[in-house]
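Under this note's numbering, the final residue of the sequence shown carries the number 312; numbering is consecutive throughout. Glycine residues also receive a C-beta, built at the ideal position from the N, C-alpha and C atoms.
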Amino acid sequence: MGGTVLVTGGAGYVGAHGCKALSQAGYLPVVYDNFVHGHEEAVRWGPLERGDTADRARLDEVFERHRPVAVMHFAAFTAVGESVADPGKYYRNNVGGTLALLETMAAHKVRRFVFSSTAATYGLPDQVPITEDQPTRPINPYGHSKQMVEQMLLDFEAAHGISSAMMRYFNAAGASPDGDIGEDHDPETHLIPLALDAVTGRRPALTLFGDDYPTPDGTCVRDYIHVGDLADAHVLALDYLAAGGATRAFNLGTGTGVSVREILESVRRVTGHEVPHVVGPRRAGDPPVLVADPSRARAELGWSPRLSDIDTIVATAWAWHQRRGNG
Ligand code: UFG
């Protein structure tokens, strides 16, 4: 296909990988980012427009200038703990900002939308692996904010003909294999970067949040998916929408669960060092097991992860960490 795609949050972790994948597939990614969390050096594959998703006038200007064929919407706040402490921040940005974006799309007749959703929409799942048909019952404001947007997308499809791919990420991880982009959150809350920082001594020992879960080794099980595989799925979603695909949710995970202890084992294999850690209490709101059933994305998008075995995820993250550590 090809054409211009507006990428909100394109200066962020997953968004920058999305831009790179778009560029490699022959699209021009135009980044729209307010740089609250984004990194200017991650904007490399197309023009940059500064702006906030809640700023209708600015969005109008950018849509007028670039005339995108589609929008990929990565811009959002994503810290679960912060969303509990400050829900207004999450509803204002994640829901209010997306509403302004959708209204701008309707006004400019842009009718393809790829949305960064999350496994946090499922809350505590009834069954694992999780299929997209399971009920969504989020257990924190972050998950609620994403669920609300999913509802808006169904309504905007009915009223304005905007079709959306709702990409429910499991645990995004890893860095670009060629080392040009990686994960750099502030504050960092994610397991793999914290484990690598503990290995290098950049941070103190990792606290392992609970080893008394009803799982094989007592630690939480997650479905880690390489950020490059996530990016590929987004490009495939554009093809799906261009072919007339209707609004639909897609789980993006591998279908294989990995425990916290297995991550620490992988970090040891990859780096050659044990991860200094202490076992602490459970973190509030952590479900014991979250694993995707990714069959729908495989069947309907033709997607299959290529970088998501756990040692590849950790090795790419480690290469990025070392590179970043050296400036
Ligand atoms: N963990 C630790 N110690 C740490 C950090 C994490 O033991 O210092 C554990 C957590 O308890 C969890 C696992 O490592 O069991 C993974 O934790 P992350 O914080 O890396 O990821 P989460 O599974 O909590 O979060 C991810 C996304 C969220 C999303 C959530 C639910 O980052 O955006 O999945 O889908 F909301």
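Looking at the DSSP output, F235 bridges to M152. Sequence-distant Cβ neighbours of P32 in its own chain, meaning closer than 6 Å and more than five residues away, are V15. In the DSSP assignment, D18 falls within the beta strand (DSSP E) that extends over 12 to 18.
Put simply, the backbone Cα of E142 is about 31 Å away from that of A158. Per DSSP, L275 lies in no beta strand (DSSP E) and is assigned neither H nor E. Around the beta-carbon of K94, fewer than 16 other beta-carbon atoms lie within 10 Å, marking it exposed. Per DSSP, the unbroken beta strand (DSSP E) holding Y209 starts and ends at 209 to 211.
Residue pairing by DSSP places T192 opposite V263 in a beta bridge. Here S289 is exposed, its C-beta having fewer than 16 other C-beta atoms within 10 Å. Here T241 has D208, V276 as same chain residues with Cβ atoms under 8 Å from its own Cβ, once five neighbours each way along the sequence are excluded. With a cut-off of 7 Å, the C-beta of G(-6) is classified as distant from the ligand UFG, since no heavy atom of the ligand falls inside that distance. Counting only the Cα atoms, T(-11) lies some 22 Å from V212. A distance below 6 Å between beta-carbons, with the five flanking residues on each side excluded, links M133 to the following residues of its chain, in chain order: V80. With respect to the C-alpha of R35, the residue from Q9, P126, T(-7), I248 having the closest C-alpha is T(-7). With respect to the C-alpha of T185, the residue from R153, T256, T192 having the closest C-alpha is T256.
Counted as a single uninterrupted DSSP element, the stretch harbouring T63 is not any alpha helix (DSSP H), since DSSP gives it neither H nor E.
Per DSSP, reduced to three states, the secondary structure at E34 is strand. For the region 104 to 161, the full-length alpha helix (DSSP H) segments reaching 4 residues or more read 126 to 145 along the chain. Sequence-distant Cβ neighbours of W303 in its own chain, meaning closer than 7 Å and more than five residues away, are L181, V255, T256.
Each of T103, S251, E135, E49 was checked against the Cα of L84, and the nearest Cα belongs to E135.
By the Cβ criterion, the region 218 to 225 is in contact with the region 142 to 153, since at least three pairs of Cβ atoms, one from each stretch, lie closer than 8 Å. Placement of the Cβ of R207 at a distance of less than 7 Å from at least one heavy atom of the ligand UFG is found. The secondary-structure analysis by DSSP pairs S102 across a beta bridge with R153. Relative to the Cα of D278, the nearest Cα in the group D140, A6, D202, P110 belongs to P110. By the beta-carbon neighbour count (other beta carbons within 10 angstroms, threshold 16), D214 is buried. Counting only residues of its own chain and dropping the five nearest sequence neighbours on each side, G203 has a CB closer than 6 Å to the CB of D196, D197.
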